[in-house]
Structure formats: structure tokens, C-alpha cells
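Visitor: Under our numbering, the first residue of the sequence shown is numbered 157, with each subsequent residue one higher.
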Amino acid sequence: MTSPDILCIGSVLWDIIGRTDGALRARGDVAGRITRIPGGVAMNIAMTLARFGLKPAVLTAIGADPEGDELIAATDALGVSTAYVFRTELPTDRYMAIEDASGLIAAIADAHSLEAAGEAILTPLADGRLGRAQAPWRGPIALDGNLTAGLLEQIAASPLFAEADLRIAPASPGKAERLIPVMRHARATLYVNRQEAGLITGRAADTALEAAQALVAAGAARALVTDGARPAADCARGLEPLSHPARAVQARRVTGAGDTFMAAHLFAETRGADRLQALTRAQDAAAAYVAYEDFHP
């Protein structure tokens, strides 16, 4: 079995997204398109990294049902290894979103199978396949906030993650506060948007730069904060704060943009880019994603 370059831990599910090019009012009924594609924060990051040429593997829970079998096949076909996936008797998780021309209108995430699986998804990091407590995984790990608060607290203190380059993303604003214990990991980089940063720190910031600085003051080792079409920021303990503007584009989709930003930033740093270069490439990748443009890192 080929060893992965990076582990993506968290949600791998079916994204069911309905989109209309017009405006959608409450209780409205409009024409549009509905798609079903592999998704979830961990999966979105893994897919992007695979497209860039890395060999990611996902650690997650997927149902042992027909939808799960389809999802496993689709994930492998995209260049993402499912060799370490925990198969559960619960139904395969799903995410449903409604978008219009202005962006995301509403979404529901059904990640009950992942939450119920708990630490079982981490078994390959402890049983020797990917590491063990005495010789933990030393490469990058992308971790998403769909894990339970208890499991994230466990990860923050676990020797299995002591040597990892830990990259953390929230699943949604409603789950952002779950990340407080793990963001303080000495080798962690936190990726959030300005709203999520405010939920974690307890106060709203006017800019991504202010939000990133507040996260570091609250205990994060390093924080990257995005703010839609406005500048993003990178702040870390003992280093100069950075900010970089977003490229202006016509947004044609929203779901997954933050995950693309994170994946592009991580990829750039694995290829030796400095902090400003990595931030610039991440902003460019996110802009290309929302505009349905090709992007080559």
C-alpha cells in the first residue's frame, strides 16, 4: 500500500446542493440545479490536494450501505485513499445546502455516523498502520470540526498527534467553538472565517487581520482568517502579521471555498512557499473556485 502524503480527518459524505442563478426568498420555489457529489470538509480538502498532485488519505466513518459503497468508489476514483476508513452500520452521512446568486441560503449537515464513530476513526494512527503512540505520525494532518467536542479535546492532548503538522478547519460557524482546545496545540494552524473567529474569541472583529490577531491572543499558535471578497490574514506567535487581498471575481458557488483556501495554502507550504506566497496562492485558489475557473498551484 502506498503511504499517504497527508491525512484528512473528519467528514466524508454526500453533498446534495441545490442552486439557482436568481434570488430565492423564504418559502420560495424556483428552478435550478441539484447535484450530489462527494463532500464534507475533510473530503473537500483531500480532493483539492489530490488534484494538486498529493496522495491524501481520509480517516472518517462511512456507512456500510449502498450509499456508502458508492461514496467509497467515488472517493477512490478522485485519487483519495479510503484504505483507512471506518465502516459503520449507521447510514452514510449527508449535507444538504440551498444556494442562490447571493450565496448560501441555508444548509443542514447530517454527520451523525461520524459523531457516533468517535475515536474508532483514529485507530490507524495507533495500531501501527499510520503510527503509534511511541512513533506518531509526523506529516501534515487536516482536521475538521465535524468531530465531537470530546474527541477534539482528546486529540489536543493525544501523543498520537504530538509530532503532526496539524491544520484545523471548522465545519460551520455553529461548531467553531469546538476548536478552542485543539487550536492551542503547539503545532496547530487554525483556518476560519471572520465570523467563526468572532465566535471563538467572543468578540467581533472588523477585519480578518484583527480577527487573526485576536485568535493568537486567545491561545492559537497560528491562525489564518478569511473574509469572503475582502483581504485574508495570517498571524502566528512571534511572527509578523500578514494580510493579502482577494481577487475580485463573480461568485458562482460558495460551498467548499474555505476548504479550497485551506488546501491550497497547505499545499503551497508543503512545496516550500513562504507565508506570503502561500497566502497569495490560497486567495487565488479560493477566487478561482467560486468563479468556476481552473487553478494550477
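Built from N, CA and C at the ideal position, the CB exists for glycine as well. As the structure is a prediction and not an experimental result, all values here were calculated from the model.
1. Quick one: give me the first and last residue of the beta strand (DSSP E) that F242 is part of.
2. In terms of residue numbering, what span does the beta strand (DSSP E) encompassing T345 cover?
3. CA-CA distance, M339 and I218?
4. Given a cut-off of 8 Å, decide if L246 and L163 are closer than it, judged by their beta-carbon atoms.
5. Indicate whether the contact test is met: 3 or more Cβ pairs, each with one atom in the region 385-396 and one in the region 351-359, closer than 8 Å.
6. Helix, strand or coil for V338? Go by DSSP, reduced to three states.
7. Could you spell out the range, first to last residue, of the beta strand (DSSP E) harbouring D383?
8. Select from E333, E319, L260 the residue whose C-alpha is nearest the C-alpha of A325.
9. To which residues does DSSP link Y251 through a beta bridge?
10. Is it right to say T436 is buried, meaning 16 or more other beta carbons lie within 10 angstroms of its own, or is it exposed?
11. What does DSSP give as the partner residue(s) for A364 in the beta ladder?
12. Which residues does DSSP pair with P212 in a beta bridge?
13. Counting pairs of Cβ atoms below 8 Å between the region 205-213 and the region 174-191, do you hit three or more?
14. Between A281 and G287, is the Cβ-Cβ spacing less than 8 Å?
15. Measuring alpha carbon to alpha carbon, tell me which of G412, F451, Q433 ends up nearest N200.
16. Let me check one thing: in DSSP terms, what residues is I297 bridge-paired to?
17. Classify I311 as buried or exposed, calling it buried when 16 or more other Cβ atoms lie within 10 Å of its own Cβ.
18. Leaving aside the five residues before and after L346 along the sequence, list all residues of the same chain whose C-beta is less than 6 Å from its C-beta, in chain order.
19. Closest by CA to R343, which one among P222, H268, I297?
20. What's the call for D256, buried or exposed, on a 16-neighbour Cβ count within 10 Å?
21. Apply the 10 Å Cβ neighbour rule to Q290 and answer buried if 16 or more other Cβ atoms are within range, or exposed otherwise.
22. Cβ of H400 within 8 Å of Cβ of Q439?
23. Assuming A327 contacts G301 (C-beta within less than 8 Å), just tell me the rounded distance between them.
24. On a CA-only basis, which of T426, Y445, V372 is nearest A407? Give me that one, please.
25. DSSP three-state call for A282: helix, strand or coil?
26. Give the DSSP bridge partners of R288, in chain order.
27. Judging by CA-CA distance, which residue of L260, M203, Y251 is the nearest neighbour of V236?
28. Based on Cα-Cα distance, which residue from T176, T191, T304 lies nearest to W170?
29. Between which two residues does the beta strand (DSSP E) harbouring I193 extend?
30. Would you kindly check if the distance between the Cβ of P212 and the Cβ of D283 is under 8 Å?
31. Whose C-beta lies closer than 6 Å to the C-beta of F317 among residues of the same chain, with five residues either side of it excluded?
Guide: According to the structure data:
1. 242-244
2. 344-349
3. M339 and I218: Cα-Cα distance of roughly 26 Å.
4. no
5. no
6. helix
7. 378-383
8. E333
9. Y251 is bridged to D171, A265.
10. buried
11. Answer by DSSP bridge pairing: none, since A364 is not bridged.
12. I162
13. no
14. Just to set this straight, residue 281 is Leu in the shown sequence, not Ala. Result yes, Cβ atoms of L281 and G287 sit closer than 8 Å.
15. Of G412, F451, Q433, the residue nearest in Cα terms is G412.
16. L163, L322
17. buried
18. I324, M339, A376, A379
19. I297
20. buried
21. exposed
22. yes
23. Contact flag correct, Cβ pair sits at about 4 Å.
24. Y445
25. coil
26. A291
27. M203
28. Residue T191 holds the alpha-carbon nearest to the alpha-carbon of W170 among T176, T191, T304.
29. 189-195
30. no
31. Closer than 6 Å at the Cβ level, and outside the excluded window around F317, lie I311.
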